[in-house]
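A quick write-up on the structure given underneath.
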Amino acid sequence: MKKFKFVLDKNGVGNLLKSSEIKSVLESYGSNIKNRAGEGYSMNSIVGKTRVNTMVFADTYEAKRDNLKNNTLIKVLR
Numbered sequence: 160m161k162k163f164k165f166v167l168d169k170n171g172v173g174n175l176l177k178s179s180e181i182k183s184v185l186e187s188y189g190s191n192i193k194n195r196a197g198e199g200y201s202m203n204s205i206v207g208k209t210r211v212n213t214m215v216f217a218d219t220y221e222a223k224r225d226n227l228k229n230n231t232l233i234k235v236l237r
């Protein structure tokens, strides 16, 4: 049996993590979470130094209060 050596292309992985395809996948997940959380929640996506980041957060006072009282964003992820 021959030995097989796997070498990871770090630059390729870095480019993949910052690609528009990954951004669209993350935005799809983020918008699904935002819609399940309800009104007052927003989503933001940015391309950072090493990868794409997408976050969902409470944007209005009512949503912030709801999230503090009910842990809405955590419950939506289940």
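In the working numbering, each residue's number is its place in the sequence shown (first place is 1) plus 159.
The beta carbon of each residue, even a glycine, is placed where N, CA and C say it ideally should be.
Predicted model only: the values in this text are computed from it and were never measured.
Pick out whichever of LYS228, ASP168, LYS162 and ARG210 has its Cα sitting closest to the Cα of SER183.
-> For this step, residue 183 is matched to residue 24 along the sequence shown. Closest in C-alpha terms to SER183, from the list LYS228, ASP168, LYS162 and ARG210, comes ARG210.
Cα-Cα, which of GLY189, TYR200, ARG195 and GLU198 is closest to ASN212?
-> For the purposes of this step, residue 212 is identified with residue 53 of the sequence shown, where counting begins at 1. Among GLY189, TYR200, ARG195 and GLU198, the Cα nearest to that of ASN212 belongs to GLY189.
Indicate whether the contact test is met: 3 or more Cβ pairs, each with one atom in the stretch 193 to 207 and one in the stretch 160 to 167, closer than 8 angstroms.
-> No, they do not touch.
For ILE233, I'd like the list of residues in its chain whose CB is within less than 8 angstroms of its CB, leaving aside the five on either flank, ordered along the chain.
-> For the purposes of this step, residue 233 is identified with residue 74 of the sequence shown, where counting begins at 1. Counting only Cβ-Cβ distances below 8 angstroms, and skipping sequence neighbours, we find nothing.
Report the three-state DSSP secondary structure of VAL178 (helix, strand or coil).
-> The residue you call residue 178 lines up with position 19 of the sequence shown. Rather than Val, the amino acid found at residue 178 in this sequence is Ser. In the structure shown, SER178 falls within a coil segment according to DSSP collapsed to helix, strand and coil.
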